[in-house]
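Colleague: Quick note on numbering: the sequence shown equals residues 1 to 877 in the UniProt record's numbering.
Where a beta carbon is used, it is the ideal one built from N, C-alpha and C, also for glycine.
Sharing a structure below in structure tokens format, with a few things to ask.
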Amino acid sequence: MTVVIVESPAKAKTINKYLGKGFTVLASFGHIRDLPSKDGSVRPDDDFAMTWEVDPKSSKRLNDIADAIKTSDRVILATDPDREGEAISWHVLEVLNKKKGLMKDKQVQRVTFNAITQSAVQTAMASPRDIDMELVDAYLARRALDYLVGFTLSPVLWRKLPGARSAGRVQSVALKIVVDREIEIEKFKTEEYWTVDAEVSANSPPFNAKLFTYNGKRLGKFDLPNETAAFAARDLVKRSQFTITEVDQKPGKKSPPPPFTTSTLQQEAARKLGFSASRTMQTAQKLYEGVDIGGETVGLITYMRTDGVYVEPGAINEMRKVIGERYGAPYVPESPRLYKAKAKNAQEAHEAIRPTSAFRRPETLRLEGDQARLYELIWKRTLASQMEQARVENTTINLFTADKQTSLRATGQVVTFDGFMAVYEEGKDDDGDEDGGRLPMVQAGTIADVHTSKADQHFTEPPPRYSEATLVKKLEELGIGRPSTYASILTVLRDRAYVRMDKNRFIPEDKGRLVTAFLDQFFHRYVQYDFTADLEEKLDLVSAGELNYKTLLADFWKDFHAAAEGMTELRTTQVLDALNESLGPLIFPDKGDGSNPRACPVCGNGQLSLKTSRFGAFIGCSNYPECKFTRPVGSPDAEGAENGASGDRELGVDPETGKTVALKIGRFGPYVQLGEAESKEDKPPRSSLPKAWPAATIDLERALKLLSLPRTVGIHPEDKTPIKAGLGRFGPFVETGGTYANLSSFDEIFEVGLNRAVDLIAEKRAGGGGKGRGAAAAPLKELGTFGEGGDKISVMAGRYGPYIKCGKVNATLPKDVTPETVTLEQAIELINAKGGPATQAKKAPAKKAAAKKPAAKTTAAKKPAAKKTPAKKAKAG
């Protein structure tokens with residue numbers, strides 16, 4: 001018997017049908033092990049040795065695989081045909097080899113196939129090979145780099161820039177691209193300009209022409225800078241007589257775009273289908289692994305992580321046949337089209353993304369939803385790539401006055417043969433040029449009649465913010481990241497709250513801008529586009545066997561580690577001073593009147609500067625606490641400031657109390673307040689804004705809803721205690737008698753009814769949530785121990801929010817760190833700051849020596865939850 005190991009159950013199910021008896025196909029469910037999320041998983045001082053940890057969820061699957069192998073003669077590793085797939089096979093084999101005697105006398109082989117079809121799988125099975133260790137080395141290098149950067153930079157950020165979450169080797173560069181574009185937009189100076197158009201005819205239907213020559217000179221973009229100049233030109237055109245002097249008709253051709261790579265698929269799916277990069281890849285994965293069509297499970301597209309545009313000859317011949325049958329012989333070019341990838345370091349051996357059979361037309365398949373739409377896009381693009389060019393006729397009509405001082409020009413394009421455009425036209429970005437319209441047939445020498453003439457005002461516009469499509473395109477152009485990483489990079493930026501999306505555009509948050517400024521100031525080299533792209537090229541040299549991966553790691557680590565070590569002596573105040581200087585033009589823009597841009601607008605004699613709290617950075621006055629003026633980081637004139645996103649504003653009057661309701665910006669973020677304090681002891685009602693309601697969206701209605709919290713839902717039928725719904729540090733909740741139960745969304749606070757609330761409370765109590773203050777509280781999460789055999793470190797729910805508990809030491813969890821994401825290392829840092837076990841151990845060295853429990857060494861709890869940490873996510877790049 002032969003055991004075949006793949007990474008996904010869907011892939012296993014499909015392949016199992018192709019192989020039949022004598023084969024058992026099992027899934028590893030992706031990567032079975034990873035670097036533990038703690039210091040020391042990669043050890044530069046030990047020749048970059050790595051410690052791998054098997055995922056607890058993978059243990060049972062590995063046991064199932066091991067049981068099947070015991071009675072087998074051969075093991076075939078059939079994971080995906082890329083670097084990640086090679087790494088999964090290597091990990092599986094490494095773990096199986098460690099099981100005593102399991103792999104003795106077993107033949108182990110590796111196969112890859114670019115499509116999950118019967119012919120592709122059987123062909124691959126006939127040509128097995130060994131694991132490609134050069135690809136594995138490239139994976140190890142990439143994984144080690146991402147780990148070292150993440151676990152070195154992130155702690156520096158936590159200490160020197162409170163509120164920052166993490167940094168990553170590629171993630172931080174992608175963020176810099178977004179931030180650099182925002183700075184470019186903010187620096188952009190809008191200029192006014194005018195154009196003059198005329199509707200004319202020359203023994204023909206009317207057509208539109210633009211003023212091209214004025215006062216004997218070709219008209220520049222800004223030569224009509226204002227209304228006066230534009231109206232003078234308009235009137236001149238209106239009273240002038242023009243003659244057609246030239247009709248230039250030039251034939252042209254348009255070639256079809258190449259078949260899809262990973263990045264171009266993500267770009268087009270974003271433009272045409274509105275898909276995010278992750279949505280595109282998830283849908284493509286399903287199409288690749290196998291879909292049930294008419295009782296048969298078959299892979300509908302080739303492997304979807306690729307930067308190659310090659311298509312194998314058999315598939316091309318199939319496409320040419322379909323084109324001829326469906327559109328006719330004129331649409332089939334004389335010879336097949338061959339494409340060459342333009343992306344840097346493209347792996348040409350990888351085939352483009354295409355249908356596994358062109359004969360499977362979209363309309364004949366019973367696909368639904370995302371799968372139907374994405375498959376149709378792939379099918380059309382692939383078919384179009386092998387079709388004849390489109391033929392067009394580009395026409396230019398020039399019209400001059402008799403003195404040659406003024407001219408009009410009309411341009412247009414006519415498609416004379418649609419070719420590939422009968423199937424597919426590539427989507428355009430915001431800056432894509434639009435082709436001119438159809439023009440009538442006219443003759444040179446004909447006098448033209450001017451029917452109307454108009455002047456239009458325009459303003460120059462800054463470059464657009466990046467969409468998912470254009471950001472992926474930019475990353476690819478720069479050679480940053482690889483096909484398998486684009487979706488995760490964009491996801492990490494959003495998850496870290498470094499960016500937000502508005503109308504499908506990336507806008508950097510203040511936190512993201514600060515992180516970028518910090519890295520640009522103190523780790524400048526490592527966020528430069530060229531440096532990151534060069535590192536990608538070196539990783540490709542490793543995969544080609546031309547560079548030893550440990551040599552690459554050593555060269556990188558030497559300078560990077562020195563840069564990180566140099567930050568240890570730097571004080572937070574020095575960091576803030578540097579950021580104040582580098583961000584000065586943004587956060588303190590010149591007012592244009594000669595006044596001090598850093599002067600406090602409230603007290604007048606204080607100086608504004610960047611400050612930090614455990615909730616993040618903000619702009620504050622130097623005269624605090626006498627002057628409590630604060631505002632968020634960012635230009636006071638930036639988008640959103642006029643909507644109250646960057647300053648206080650009144651929202652209206654509360655109809656019940658007659659008091660003013662205002663939105664205010666505090667050092668801990670925006671909040672709403674009812675009335676003003678009448679004395680020092682008086683504290684007017686306030687409510688912080690939830691993340692779901694940004695400051696710019698707050699109006700009187702929403703503010704009054706917030707101020708009404710907590711809301712009484714009703715009386716508990718058994719306890720006879722009121723049930724209240726409100727917003728706490730863990731999010732929206734319902735509560736009665738000390739039992740808290742989470743709600744699914746913020747809006748549910750205002751919608752939840754009594755029955756739903758009672759059910760949630762009952763579920764919480766049944767699950768050990770406790771009732772009342774006297775109940776023993778269960779930990780929200782176990783992190784591990786403080787040293788080998790030391791006190792347990794747990795995350796607990798406290799009256800004033802979550803906290804870390806270690807023996808008798810309690811440490812409050814910072815607001816920007818949640819119980820779900822806190823790491824063991826962060827917890828130990830908080831415990832030490834409270835004078836915890838590490839400090840106590842220093843005071844009693846003899847006892848510490850006897851116990852042989854060095855405080856620096858930590859032991860992680862063996863729980864799945866501990867793997868979901870911000871530090872680990874940093875590996876995504």
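Can you pull the DSSP bridge partners for Ser-609?
Modeller: Gly-620, per the DSSP bridge assignment.
Colleague: For the beta strand (DSSP E) holding Ile-507, just list the boundary residues, first then last.
Modeller: Looking at the DSSP string, the run of the beta strand (DSSP E) that includes Ile-507 is 505–508.
Colleague: Would you kindly check if the distance between the Cβ of Thr-280 and the Cβ of Leu-300 is under 8 Å?
Modeller: Against a cut-off of 8 Å, the Cβ pair of Thr-280 and Leu-300 comes out as no contact.
Colleague: Provide the residue span of the beta strand (DSSP E) that contains Pro-585, from first to last.
Modeller: No beta strand (DSSP E) contains Pro-585, which is instead part of the alpha helix (DSSP H) from 584–587.
Colleague: Please tell me whether Thr-396 and Pro-355 are closer than 8 Å, where the distance is taken between their beta carbons.
Modeller: Not closer than 8 Å, so no.
Colleague: Indicate the three-state DSSP secondary structure (helix, strand or coil) for Phe-531 in the structure shown.
Modeller: Correct three-state label for Phe-531: helix.
Colleague: Let me confirm a value: Asp-403 is counted as buried when at least 16 other C-beta atoms fall within 10 Å, else exposed. Which label applies?
Modeller: Asp-403 comes out exposed.
Colleague: Would you mind giving the Cβ-Cβ distance between Ala-412 and Ile-244, rounded to the nearest angstrom? I have them listed as a contact below 8 Å.
Modeller: What sits at residue 412 in the sequence shown is Gly, not Ala. Their Cβ separation, rounded to whole angstroms, is 14 Å, which puts Gly-412 and Ile-244 out of contact at 8 Å.
Colleague: Would you kindly work out how many angstroms separate the C-alpha atoms of Arg-239 and Thr-470, rounded to a whole number?
Modeller: Whole-angstrom Cα-Cα distance: 46 Å.
Colleague: Going by the CB atoms, is the gap between Gln-521 and Ser-582 shorter than 8 Å?
Modeller: In contact: Ser-582 and Gln-521 (Cβ atoms closer than 8 Å).
Colleague: Would DSSP call Met-125 helix, strand or coil?
Modeller: It is helical.
Colleague: Looking only at its own chain, which residues have a Cβ that is under 8 Å from the Cβ of Thr-14, when we skip the five neighbours before and after it?
Modeller: For Thr-14, where only same-chain residues beyond five positions count, the Cβ hits under 8 Å are Ile-116, Glu-289, Gly-290, Thr-297, Val-298, Gly-299.
Colleague: Is it the case that the segment 572–581 contacts the segment 601–611, given that we only count it when at least three CB pairs across the two stretches are under 8 Å?
Modeller: Enough Cβ pairs lie closer than 8 Å, so yes.
Colleague: Measure the CB-CB distance between Glu-186 and Leu-586 and report whether it falls below 8 Å.
Modeller: Closer than 8 Å, so yes.
Colleague: Going by CA-CA distance only, name the one from Val-136, Val-111, Thr-123 that's closest to Pro-129.
Modeller: For the record, residue 129 in the displayed sequence is Arg; it is not Pro. Minimum Cα distance to Arg-129 is reached at Val-111.
Colleague: Please work out which residues of its chain come closer than 7 Å, Cβ to Cβ, to Ala-66, disregarding the five sequence neighbours upstream and downstream, and give them in chain order.
Modeller: Contacts found: Leu-96, Lys-99, Leu-102.
Colleague: Check the DSSP bridge columns for Tyr-486 and list the partner residues they point to.
Modeller: DSSP lists no partner for Tyr-486.
Colleague: To the nearest angstrom, how far is the alpha carbon of Gly-675 from that of Ala-617?
Modeller: One C-alpha to the other measures close to 27 Å.
Colleague: Just list the residues that DSSP pairs Leu-493 with in beta bridges.
Modeller: Looking at the DSSP assignment, Leu-493 forms no beta bridge with any residue, so it has no partner.
Colleague: Taking the alpha-carbon of Cys-603 as reference, which of Arg-142, Cys-627, Ala-811, Arg-729 has the nearest alpha-carbon?
Modeller: That would be Cys-627, whose Cα lies nearest to the Cα of Cys-603.
Colleague: Could you please give the first and the last residue of the uninterrupted beta strand (DSSP E) stretch that includes Asn-394?
Modeller: Counting along the chain, the beta strand (DSSP E) containing Asn-394 begins and ends at 390–400.
Colleague: Tell me whether Leu-93 sits in a helix, a strand or coil according to DSSP, three-state version.
Modeller: Helix.
Colleague: Is there contact between the segment 26–44 and the segment 818–831, where contact requires at least three CB pairs shorter than 8 Å?
Modeller: Yes: the two stretches touch, three or more of their Cβ pairs being nearer than 8 Å.
Colleague: If you draw a straight line from the alpha carbon of Gln-109 to that of Leu-77, how long is it in whole angstroms?
Modeller: For Gln-109 and Leu-77, the distance between alpha carbons rounds to 6 Å.
Colleague: Out of Gly-295, Arg-305, Ser-166, Glu-351, state which residue places its alpha-carbon closest to the alpha-carbon of Ala-315.
Modeller: Cα-wise, what sits closest to Ala-315 is Glu-351.
Colleague: Quick test of the definition: if touching needs 3 or more C-beta pairs under 8 Å, does the segment 49–67 touch the segment 22–34?
Modeller: At 8 Å Cβ cutoff, the stretches touch.
Colleague: Out of Lys-11, Arg-505, Lys-250, Ile-749, state which residue places its alpha-carbon closest to the alpha-carbon of residue 932.
Modeller: Since the first and last residues shown for the chain are 1 and 877, residue 932 lies out of range.
Colleague: Answer with buried or exposed for Thr-739, where buried requires no fewer than 16 other C-beta atoms within 10 angstroms of its C-beta.
Modeller: Answer is buried; the Cβ neighbour count reaches 16.
Colleague: Give the secondary structure of Arg-61 by DSSP, where H, G and I count as helix, E and B as strand, and everything else as coil.
Modeller: Helix.
Colleague: Give the straight-line distance between the Cα atoms of Met-387 and Gly-324, rounded to the nearest whole angstrom.
Modeller: The alpha-carbon atoms of Met-387 and Gly-324 are separated by roughly 9 Å.
Colleague: Does the beta-carbon of Phe-531 have 16 or more other beta-carbons within 10 angstroms, so that it is buried, or is it exposed?
Modeller: Exposed, because fewer than 16 other Cβ atoms sit within 10 Å of the Cβ of Phe-531.
Colleague: Would you mind reading off the limits of the alpha helix (DSSP H) that contains Gly-314?
Modeller: Per DSSP, Gly-314 belongs to the alpha helix (DSSP H) from 313–327.
Colleague: In this structure, how does DSSP classify Gly-604 when only helix, strand and coil are distinguished?
Modeller: Gly-604: coil per DSSP, three-state reduction.
Colleague: If we ignore side chains and look at the alpha-carbon of each, how far apart do Val-423 and Pro-256 end up?
Modeller: Looking at the two C-alpha atoms, the distance is approximately 10 Å.
Colleague: Gly-731 and Asn-742: beta carbons closer than 8 Å?
Modeller: Cβ distance < 8 Å, so Gly-731 and Asn-742 count as in contact.
Colleague: Is it buried or exposed for Glu-84, if we count other Cβ within 10 angstroms and need 16 for buried?
Modeller: Glu-84 should be labelled buried.
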